[in-house]
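The structure appears right after this line, and notes come after that.
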Amino acid sequence: MERRKFLSMTLGALALAVVPASVRAADFRKSNPAVWTTKNVMNGTKVTEEGVMSAIKALYGSNSLTMEGVKLKAPDVASNGGAIPVDFSTQKDVKSIAVFQNANPEAAVLVIDVNKYSVNKYSIKIKMASSGTITIVAQGNGGKLYAAQKTLDVALGGCEG
Amino acid sequence: MAGIKAKAKLKNGVVKVKLLIKNPSMTPNMALKKTGSKDNADFITHLSATLNGEIVADFSTSQFLSKNPIFKFEFKGIGAKKDKIELVAMNNHGKTYKGKAKIK
Chain A
14 MERRKFLSMT
24 LGALALAVVP
34 ASVRAADFRK
44 SNPAVWTTKN
54 VMNGTKVTEE
64 GVMSAIKALY
74 GSNSLTMEGV
84 KLKAPDVASN
94 GGAIPVDFST
104 QKDVKSIAVF
114 QNANPEAAVL
124 VIDVNKYSVN
134 KYSIKIKMAS
144 SGTITIVAQG
154 NGGKLYAAQK
164 TLDVALGGCE
174 G
Chain B
22 MAGIKAKAKL
32 KNGVVKVKLL
42 IKNPSMTPNM
52 ALKKTGSKDN
62 ADFITHLSAT
72 LNGEIVADFS
82 TSQFLSKNPI
92 FKFEFKGIGA
102 KKDKIELVAM
112 NNHGKTYKGK
122 AKIK
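From first to last, the protein sequence lines stand for chains A and B.
Mapping of the first sequence onto my numbering: residues 14 to 174, in sequence order.
Mapping of the second sequence onto my numbering: residues 22 to 125, in sequence order.
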């Protein structure tokens, strides 16, 4: 009897141990490492859009952006570059949303894997080493890239390069 | 113990989550300046939130989040009051950060 009990308990424990490993989200850092190492391109001391554009291309395979459908809110002047509040949202049917900027050594900040429960409304805080432009790109279900941009002044760089 | 602090609130069918991860968010360049080695960089690379076994939010992130990064996100169609959202984040060295939020 005892042995039987022991056996059933072990089986139960085993069954628990192998509970669905089904939910495993997409890790864009693994599936798409090129995005995260794409460097921003500086033209002298002026920041350019090149790095951001090639990062978008590395992520979505295209960088032809449609400047609509995405709302982006960030301060015009950020007094502290170490924590700049960035709010963004979209009403479009999208698969993923990515955040880029062109003031830091690399372009990518964040990629969101949108799921069926998502209300696409987010707030994050980011670092920027100098004044620059934040770009939000949302990939629509049809493959179209919706985007919004905002250029802001950073009074005190938060990233130390 | 490093972890995640989080709050979740249900209103009009939408659950709003606000969370903070305790992490210095140190870029390789900052680490090089401060400690002499880029290997000491410490930042969050991935964050996910699950509720009742379903993923409700998934972020892949880089070193350019602020120190102790704050995230806010929303979801709907799942979750009731008193349900617990589980949050798991990982840094660039593979260290995991965990937190829970009870929906209020």
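We put the beta carbon where it would ideally sit given N, CA and C, even for glycine.
Cβ neighbour criterion (16 or more within 10 Å) applied to Lys138(A)
Reading the first sequence from its first residue, position 125 is the one you call residue 138(A). With 16 or more Cβ atoms within 10 Å of its Cβ, Lys138(A) is classed as buried.
Let's test the definition: count the other Cβ atoms within 10 Å of the Cβ of Asn73(B) and tell me whether it reaches 16, buried, or not, exposed.
Stepping through the second sequence from its first residue, residue 73(B) is reached at position 52. When all chains shown are included, Asn73(B) counts as exposed.
For Thr50(A), name the three-state secondary structure that DSSP assigns.
Within the first sequence, numbered from 1, the residue matching residue 50(A) stands at position 37. Of the three classes helix, strand and coil, the one that applies to Thr50(A) here is helix, per DSSP.
Does the CB of Lys93(B) have a neighbour CB from chain A at under 8 Å?
For this step, residue 93(B) is matched to residue 72 along the second sequence. So yes, Lys93(B) belongs to the interface.
Check whether the segment 148 to 159 of chain A and the segment 34 to 41 of chain B are in contact - that is, three or more C-beta pairs closer than 8 Å.
no
Starting from the beta carbon of Asn117(A), find every residue of chain B whose beta carbon is closer than 7 Å, and list them in chain order.
Taking the first residue of the first sequence as 1, we reach residue 117(A) at position 104. Here the neighbours are Phe85.
Status (buried if at least 16 other CB within 10 Å, exposed otherwise) for Met80(A)
Counted from its first residue, the first sequence places residue 80(A) at position 67. Exposed.
Should Gln104(A) go down as buried or exposed, given a rule of 16 or more other Cβ atoms within 10 Å for buried?
For this step, residue 104(A) is matched to residue 91 along the first sequence. Result: exposed.
Indicate whether Lys163(A) and Leu72(A) have their beta-carbon atoms separated by less than 8 Å.
Position 150 of the first sequence, counting from 1, holds the residue named residue 163(A). Position 59 of the first sequence, counting from 1, holds the residue named residue 72(A). No, the pair does not count as a contact, with Cβ atoms beyond the cut-off.
Partners in chain A for Pro90(B), counting only beta-carbon separations shorter than 8 Å
As a working note, residue 90(B) is residue 69 in the second sequence. Here the neighbours are Ile137, Lys138.
Where Ala101(B) and Leu31(B) are concerned, what is the direct C-alpha to C-alpha distance, given to the nearest angstrom?
Your numbering for residue 101(B) matches position 80 in the second sequence. Your numbering for residue 31(B) matches position 10 in the second sequence. So the alpha carbons of these two residues sit roughly 7 Å apart.
Within-8 Å CB hit, Val38(B) to chain A
In the second sequence, counting from the first residue as 1, residue 38(B) sits at position 17. Not closer than 8 Å to any Cβ of chain A, the Cβ of Val38(B) fails to qualify, so no.
Supposed close pair Ala120(A), Asn76(A) - CB separation, criterion 8 Å
Within the first sequence, residue 120(A) is the residue found at index 107, counting from 1. Within the first sequence, residue 76(A) is the residue found at index 63, counting from 1. Between Asn76(A) and Ala120(A) the Cβ distance is about 12 Å, and since that is not below 8 Å, they are no contact.
Quick one: which chain B residues come within Cβ less than 8 Å of Phe41(A)?
The residue given as residue 41(A) occupies position 28 in the first sequence. Near Phe41(A) (Cβ distances below 8 Å), the residues of chain B are Ser81.
Rounded to whole angstroms, what's the CA-CA distance from Ser109(A) to Val127(A)? Just pull it up for me.
Here the question's residue 109(A) lines up with position 96 in the first sequence. Here the question's residue 127(A) lines up with position 114 in the first sequence. Cα to Cα, Ser109(A) sits roughly 5 Å from Val127(A).
Distance cutoff 8 Å, beta carbons only. Does Ile76(B) sit that close to anything in chain A?
Sequence index remark: in the second sequence, residue 76(B) carries index 55 (1-based). Yes, its Cβ sits closer than 8 Å to a Cβ of chain A.
Inter-residue Cα distance where the pair is Val167(A) and Ile147(A)
Mapped onto the first sequence, residue 167(A) falls at position 154. Mapped onto the first sequence, residue 147(A) falls at position 134. Cα-Cα distance, rounded: 12 Å.
If you draw a straight line from the alpha carbon of Lys5(B) to that of Val83(A), how long is it in whole angstroms?
Since the displayed chain B opens at 22 and closes at 125, residue 5(B) lies outside it and no answer follows.
Nearest residue (CA-CA) to Phe80(B), options Lys140(A), Lys70(A), Ser131(A), Tyr159(A):
Here the question's residue 80(B) lines up with position 59 in the second sequence. Selected option, being the one with the closest Cα: Ser131(A).
Alpha helix (DSSP H) segment containing Pro49(B), residue limits:
As a working mapping, residue 49(B) is identified with position 28 in the second sequence. That run of the alpha helix (DSSP H) goes 49 to 56.
Return the Cβ separation of Gly145(A) and Ala116(A) in integer angstroms, given the expectation that the two are a contact with Cβ distance under 8 Å.
Here residue 145(A) refers to the residue found at position 132 when the first sequence is read from its first residue. Here residue 116(A) refers to the residue found at position 103 when the first sequence is read from its first residue. Going by Cβ atoms, the distance from Gly145(A) to Ala116(A) rounds to 3 Å, so yes, they are a contact pair.
Below 8 Å on the Cβ atoms is my guess for Glu107(B) versus Ala70(B); work out the distance and round it to an integer in Å.
Along the second sequence, one-based indexing puts residue 107(B) at 86. Along the second sequence, one-based indexing puts residue 70(B) at 49. That pair is a contact at about 7 Å.
Pairwise C-alpha distance: Val36(B) and Ile124(B)
One-based indexing of the second sequence puts residue 124(B) at position 103. One-based indexing of the second sequence puts residue 36(B) at position 15. C-alpha separation (whole angstroms): 8 Å.
Can you name, in chain order, every residue of its own chain whose Cβ lies under 7 Å from the Cβ of Lys26(B), other than the five neighbours on each side?
If you number the second sequence from 1, residue 26(B) lands on position 5. Counting only Cβ-Cβ distances below 7 Å, and skipping sequence neighbours, we find Leu40, Leu41, Gly120.
In the DSSP assignment, find the beta strand (DSSP E) that holds Ala151(A) and state where it starts and stops.
Counting from 1 along the first sequence, the entry for residue 151(A) is found at position 138. 145 to 153 is the extent of the beta strand (DSSP E) around Ala151(A).
Can you list the residues of chain B that Val132(A) reaches, using a CB-CB cut of under 7 Å?
Working through the first sequence from its first residue, we reach residue 132(A) at position 119. From the beta-carbon of Val132(A), the residues of chain B found nearer than 7 Å are Val35, Glu95, Phe96, Lys97.
Sequence-distant residues of its chain with Cβ nearer than 6 Å to Tyr118(B) (five each side left out):
To locate residue 118(B), count along the second sequence from 1; it is residue 97. Hits under 6 Å: Ala23, Gly24, Ile25, Ile42, Ala110.
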